[in-house]
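K.L.:
Before anything else, here's the structure in question.
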């Protein structure tokens, strides 16, 4: 994907990157172009450096993983209840109870991994549009945006 048709006279691409979420990211002297999926449904986001209101670094922790960890936790809590209730324990064999007890360690390890291994992301806040998230590997883009406008 080339953005040559979108550049102003005298404007040139200084640096280009590619990530999983953005097919191409092109930095010029005055703005950044973010291109997503040029084959099926191409989206081009043009962000002039002067419209960037703030840059933020943070960790992104997917909530789907947290909800996935809740299933074994619920099973563990059910096990704790059945251990105290002889009537419910009659319906479950001891091997099932042992497996459910072992799930607690998996839940604890999963929650720790979820907390400490979140993906680092940069968030670019642009005036008049939703925030744009880019991966941590684009640290150089972050530095370019902070020095706006870039001298030729």
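Numbering (our numbering), first residue to last: -6 to 145. Just so you know, even glycine gets a beta-carbon here, dropped at the ideal spot from N, CA and C. All values reported here derive from a predicted model rather than from experimental measurement.
How big is the Cα-Cα spacing for residue 145 and residue 21?
P.N.:
The pLDDT assigned to residue 145 is 42, lower than 50, so where the model puts this residue is not dependable, and the model offers no usable value.
K.L.:
Could you give the distance in angstroms between the alpha-carbon of residue 116 and the alpha-carbon of residue 63?
P.N.:
Whole-angstrom Cα-Cα distance: 28 Å.
K.L.:
If distances are taken between C-alpha atoms only, which option among 52, 29, 33 and 41 comes closest to residue 118?
P.N.:
Nearest of 52, 29, 33 and 41 to residue 118, Cα basis: 41.
K.L.:
When DSSP builds the beta bridges, which residues end up paired with residue 113?
P.N.:
Beta-bridge pairing links residue 113 to 52.
K.L.:
Would the region 21 to 38 and the region 100 to 113 be scored as touching if the rule is three or more Cβ pairs under 8 Å?
P.N.:
As far as the Cβ criterion goes, the region 21 to 38 does not touch the region 100 to 113, which means the pair count is below three.
K.L.:
Under 7 Å between the Cβ atoms of residue 18 and residue 138?
P.N.:
No.
K.L.:
Rounded to the nearest angstrom, what separates residue 112 and residue 133 at their Cα positions?
P.N.:
Going by the C-alpha atoms only, they are around 18 Å apart.
K.L.:
So what does DSSP say about residue 121, is it helix, strand or coil?
P.N.:
Of the three classes helix, strand and coil, the one that applies to residue 121 here is coil, per DSSP.
K.L.:
Considering Cα atoms alone, identify which of 107, 12, -4 and 16 is closest to residue 52.
P.N.:
Cα-wise, what sits closest to residue 52 is 107.
K.L.:
Look up residue 145 in the DSSP assignment and say whether it is helix, strand or coil.
P.N.:
Note that residue 145 scores a pLDDT of 42, beneath 50, so its modelled location is shaky and nothing firm can be said.
K.L.:
On the DSSP bridge list, what partners appear for residue 19?
P.N.:
In the DSSP output, where bridge partners are listed per residue, residue 19 has 9 and 26.
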